[in-house]
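Scroll down for the structure; my scribbles are underneath it.
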Amino acid sequence: MSEKYHNNFLKEVEEMVEEGEWVKMCMQCGVCAGSCPLGPHWAHPPQEIFMMIRAGKREEVLRSDSMWMCTSCYNCVVRCPRKLPITHIMHGLANYAHRLGLSPKNQPTQQFATLFWNNLAQTGRVNELKLSLGIYFKDGFAQGVKNAMAMQSVGLGMVKAKRLNPMELFGGHGVKDKTGFHAMLKKAKEIEDRRKNFA
Amino acid sequence: MTDVIATNQTILVVGGGISGMTAALEAAECGKNVVLVEKNPALGGRVSQLYRYFPKLCHPTCGLEINLRRLKQNPRIRVLTMAEVTAITGGEGDYSATVKLAPRYVNENCTACGECSKAVDAEVLDAFNYNLGKTKAAYLPHKMAYPQRYVLDPSIIGTADADKAKAACKYGAIDLDMKEETVQFKAGAVIWATGWKPYDAAKIQPYGYGRFSNVITSVEFERLADIHGPTKGKILRPSDGKEAKNIAFIQCAGSRDENHLRHCSRICCMASLKQTNYVREAYGDAGKSTIYYIDIRAIDRFEDFYQKVLKDPTVSFIKSKVAKVTQDEKSGDVILHGVNTEGYHRYATPHDLVVLAVGMEPSVTGANLPAEIVSDSSGFIEADPANHAFFGAGCASNPLDVNRAVQSATASALRAIQVVNRVARVEG
Numbered sequence: 001m002s003e004k005y006h007n008n009f010l011k012e013v014e015e016m017v018e019e020g021e022w023v024k025m026c027m028q029c030g031v032c033a034g035s036c037p038l039g040p041h042w043a044h045p046p047q048e049i050f051m052m053i054r055a056g057k058r059e060e061v062l063r064s065d066s067m068w069m070c071t072s073c074y075n076c077v078v079r080c081p082r083k084l085p086i087t088h089i090m091h092g093l094a095n096y097a098h099r100l101g102l103s104p105k106n107q108p109t110q111q112f113a114t115l116f117w118n119n120l121a122q123t124g125r126v127n128e129l130k131l132s133l134g135i136y137f138k139d140g141f142a143q144g145v146k147n148a149m150a151m152q153s154v155g156l157g158m159v160k161a162k163r164l165n166p167m168e169l170f171g172g173h174g175v176k177d178k179t180g181f182h183a184m185l186k187k188a189k190e191i192e193d194r195r196k197n198f199a
Numbered sequence: 200m201t202d203v204i205a206t207n208q209t210i211l212v213v214g215g216g217i218s219g220m221t222a223a224l225e226a227a228e229c230g231k232n233v234v235l236v237e238k239n240p241a242l243g244g245r246v247s248q249l250y251r252y253f254p255k256l257c258h259p260t261c262g263l264e265i266n267l268r269r270l271k272q273n274p275r276i277r278v279l280t281m282a283e284v285t286a287i288t289g290g291e292g293d294y295s296a297t298v299k300l301a302p303r304y305v306n307e308n309c310t311a312c313g314e315c316s317k318a319v320d321a322e323v324l325d326a327f328n329y330n331l332g333k334t335k336a337a338y339l340p341h342k343m344a345y346p347q348r349y350v351l352d353p354s355i356i357g358t359a360d361a362d363k364a365k366a367a368c369k370y371g372a373i374d375l376d377m378k379e380e381t382v383q384f385k386a387g388a389v390i391w392a393t394g395w396k397p398y399d400a401a402k403i404q405p406y407g408y409g410r411f412s413n414v415i416t417s418v419e420f421e422r423l424a425d426i427h428g429p430t431k432g433k434i435l436r437p438s439d440g441k442e443a444k445n446i447a448f449i450q451c452a453g454s455r456d457e458n459h460l461r462h463c464s465r466i467c468c469m470a471s472l473k474q475t476n477y478v479r480e481a482y483g484d485a486g487k488s489t490i491y492y493i494d495i496r497a498i499d500r501f502e503d504f505y506q507k508v509l510k511d512p513t514v515s516f517i518k519s520k521v522a523k524v525t526q527d528e529k530s531g532d533v534i535l536h537g538v539n540t541e542g543y544h545r546y547a548t549p550h551d552l553v554v555l556a557v558g559m560e561p562s563v564t565g566a567n568l569p570a571e572i573v574s575d576s577s578g579f580i581e582a583d584p585a586n587h588a589f590f591g592a593g594c595a596s597n598p599l600d601v602n603r604a605v606q607s608a609t610a611s612a613l614r615a616i617q618v619v620n621r622v623a624r625v626e627g
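Respectively, the protein sequence lines represent chains A and B. Just so you know, the working numbering puts 124 at position 124 of the first sequence, and the rest follows in order with no gaps. Just so you know, the working numbering puts 290 at position 91 of the second sequence, and the rest follows in order with no gaps.
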């Protein structure tokens with residue numbers, strides 16, 4: 001499926017990545033890279049990613065952790081002289097790399113996004129208690145206990161202020177029609193897979 | 200009351216800059232009657248505010264002098280200064296224009312001796328120098344001003360200063376009772392040569408124009424380099440008057456940007472390349488110019504000029520649109536932040552002064568016109584049949600350099616001549 005595009009990564013991005021058709025509009029001015037608050041921490045700033053896509057560097061781009069560094073501040077989007085939706089392209093690329101299984105392992109943003117989605121997809125509501133415990137314990141039991149102890153006072157404070165319900169640990173709240181919700185997600189995935197040629 | 204004799208065979212030229220003057224002269228030298236309307240107290244427009252032209256680096260006074268000489272010799276051109284067209288009605292071959300004349304408070308007896316200026320105490324911002332300095336409230340717009348007549352700023356009318364000016368004038372040239380007038384006259388064709396205005400650099404928020412004193416625009420830099428400018432031709436930075444030897448030029452300040460001006464203003468690359476010569480002229484090898492650019496657009500034959508500047512060791516080029524400018528409060532230095540596209544290296548480079556190569560915004564709007572004027576997405580007047588005998592010239596029609604503006608003006612004069620010739624055939 002990706003083989004047929006192998007020699008034309010730009011075309012692949014345009015077809016498969018959300019907002020990917022904008023990539024060719026980049027004029028390499030560099031305002032996005034210079035405006036990014038996390039810029040110094042990226043391996044490749046957005047303008048470089050766009051140029052790499054045009055240069056056909058498929059592996060380097062999709063295996064890169066750069067687009068996972070985007071915090072959606074939208075500074076680049078408001079400043080881009082060509083009005084490229086850079087933030088959305090970054091998310092689109094990250095999602096595409098993830099679907100292909102090429103995204104870097106143990107990338108914190110990706111781990112959080114996966115946890116968040118799996119959490120939400122179960123009941124149709126985010127279970128904040130399970131989500132935060134999931135993050136605390138993502139690096140093993142010992143580290144999880146340490147993390148939980150460090151956040152103990154915040155957690156208890158939230159319980160007192162009725163912002164956190166300990167009973168959420170057992171099942172938790174959800175949407176009324178869970179069966180319908182799951183069917184909806186399944187259908188949406190089917191449609192997207194068909195449109196984007198995923199198996 | 201000002202009288203303007205005009206008929207349906209008269210050509211109205213709006214704007215007395217290089218394009219308007221050229222269009223008026225070309226038409227008049229073909230035997231047509233022309234009324235030339237200029238908003239400012241003197242002709243010359245933005246060209247008169249330049250220090251040098253590219254690519255030959257000669258002074259605009261030279262070209263202006265030739266045009267003014269042609270103008271003075273030609274009885275077919277009626278010049279109205281401090282005049283603004285407020286409305287145009289009618290259609291091709293039969294327009295009627297309404298023009299508002301602001302009072303100058305100085306009549307044609309003026310010999311430009313300058314005694315009124317000496318007598319007056321009040322000072323006003325010097326518009327000719329883009330408000331970088333001040334001028335006396337009784338002033339000659341600039342050295343080459345045509346008409347060569349002083350102007351009283353309306354702010355002193357009714358004060359003791361106005362009386363002082365009147366008392367100082369030996370020629371009875373000061374008339375404090377002048378009132379705003381409105382005149383109406385006919386025209387067969389209209390040439391709209393209202394030129395351009397520098398894009399409001401304060402709108403480009405990350406560059407700090409208006410917040411940081413050492414961030415200036417390219418048009419202001421022209422005035423700094425000019426001997427008649429606020430610094431008498433010395434390139435000194437505004438914050439502390441220190442010699443600005445290390446100067447950064449930021450290209451596309453407003454141009455090629457969907458958030459500002461969507462067009463390429465065409466002249467700014469050449470303007471900055473030209474201005475590196477001012478730095479070199481002022482400081483020799485001690486001067487340093489850095490041009491931050493997306494890509495250099497030195498159109499057609501100007502490539503030679505670009506190649507020459509490329510060889511200049513005092514000029515360096517950084518391929519990057521600057522993301523942010525900050526100013527160090529203590530030293531007054533301005534720091535440019537961004538990422539260099541050639542290698543994607545992050546930089547934070549200090550300079551003495553930053554010059555924003557601001558884009559050209561058409562100054563077309565303002566008057567009440569008979570119909571919607573067809574213009575492009577940036578507001579430049581199109582050569583469209585729907586505009587009838589209403590022709591854009593110079594920078595009202597396109598972002599143009601002086602040379603191309605003159606060509607455009609000549610072309611518009613020819614179109615206007617065709618219209619009034621048709622009118623003449625009908626009227627016999």
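All residues carry an ideal CB built from backbone N, CA and C; glycine is no exception.
Which residues of chain A have a Cβ atom closer than 9 Å to the Cβ of residue i, listed in chain order?
{"i": "V521 of chain B", "result": "G30, V31 and G34"}
Output, in chain order, the set of chain B residues within a Cβ distance shorter than 7 Å of residue i.
{"i": "E48 of chain A", "result": "Y543"}
{"i": "M27 of chain A", "result": "I493"}
Name the one or two DSSP bridge partners that residue i has.
{"i": "A447 of chain B", "result": "B:T489 and B:V553"}
{"i": "D139 of chain A", "result": "Paired residues: none, contrary to the question."}
{"i": "P561 of chain B", "result": "B:W395"}
{"i": "G371 of chain B", "result": "G371 of chain B is not bridged to any residue."}
{"i": "Y338 of chain B", "result": "B:V350"}
{"i": "I390 of chain B", "result": "B:V212 and B:F590"}
{"i": "T288 of chain B", "result": "B:S295"}
{"i": "L435 of chain B", "result": "B:E442"}
{"i": "A282 of chain B", "result": "B:L300"}
{"i": "G537 of chain B", "result": "B:Y546"}
{"i": "R277 of chain B", "result": "B:V234"}
{"i": "T381 of chain B", "result": "B:K299"}
{"i": "S574 of chain B", "result": "B:I580"}
{"i": "I517 of chain B", "result": "B:Y491"}
Determine the chain B residues that contact residue i at a beta-carbon separation under 9 Å, and present them in chain order.
{"i": "G56 of chain A", "result": "Within chain B, no residue comes near G56 of chain A; the closest Cβ sits about 18 Å away, beyond 9 Å."}
Can residue i and residue j be called in contact, C-beta distance under 8 Å?
{"i": "G262 of chain B", "j": "E237 of chain B", "result": "no"}
{"i": "P45 of chain A", "j": "A33 of chain A", "result": "yes"}
{"i": "V521 of chain B", "j": "H544 of chain B", "result": "no"}
{"i": "I446 of chain B", "j": "V524 of chain B", "result": "no"}
{"i": "K529 of chain B", "j": "Y482 of chain B", "result": "no"}
{"i": "Y406 of chain B", "j": "A364 of chain B", "result": "no"}
{"i": "Q450 of chain B", "j": "A556 of chain B", "result": "yes"}
{"i": "A223 of chain B", "j": "A344 of chain B", "result": "no"}
{"i": "P598 of chain B", "j": "S471 of chain B", "result": "no"}
{"i": "A386 of chain B", "j": "V234 of chain B", "result": "yes"}
{"i": "N266 of chain B", "j": "P340 of chain B", "result": "no"}
{"i": "G591 of chain B", "j": "N413 of chain B", "result": "no"}
{"i": "V389 of chain B", "j": "V573 of chain B", "result": "no"}
{"i": "S247 of chain B", "j": "C594 of chain B", "result": "no"}
Would you mind telling me which residues of chain A sit closer than 8 Å to residue i, beta carbon to beta carbon, in chain order?
{"i": "V538 of chain B", "result": "G30, A33, G34, G39, P45 and Q47"}
In chain B, which residues lie less than 8 Å from residue i when you measure between Cβ atoms?
{"i": "K187 of chain A", "result": "What K187 of chain A touches in chain B: nothing, since even the nearest Cβ is about 37 Å away."}
{"i": "K201 of chain A", "result": "The structure shown does not extend to residue 201 of chain A, since chain A is modelled only from 1 through 199, so no value can be given for it."}
Please confirm whether residue i has its beta-carbon closer than 8 Å to some beta-carbon of chain E.
{"i": "V233 of chain B", "result": "The chain labelled as chain E is not found among the protein chains of the depicted structure, namely A and B."}
CB of residue i to nearest heavy atom of the ligand NAP: below 7 Å?
{"i": "E19 of chain A", "result": "Absence of the ligand NAP from the depicted structure is noted, as is the absence of any ligand whatsoever, leaving it without description."}
*If you measure beta-carbon to beta-carbon, which residues of the segment 434 to 457 of chain B are closer than 7 Å to chain A?*
Within the segment 434 to 457 of chain B, the residues whose Cβ lies closer than 7 Å to some Cβ of chain A are R455, D456 and E457, listed in chain order.
*Run through the segment 454 to 514 of chain B for me and flag every whole alpha helix (DSSP H) of 4 or more residues, listed as ranges in chain order.*
The qualifying runs are 467 to 482 and 502 to 509.
*Starting from the N-terminal side, write out each stretch of the alpha helix (DSSP H) that is 4 residues or longer and does not extend beyond the segment 16 to 49 of chain A.*
Scanning the segment 16 to 49 of chain A for uninterrupted alpha helix (DSSP H) segments of 4 residues or longer gives 31 to 35, listed from N- to C-terminal end.
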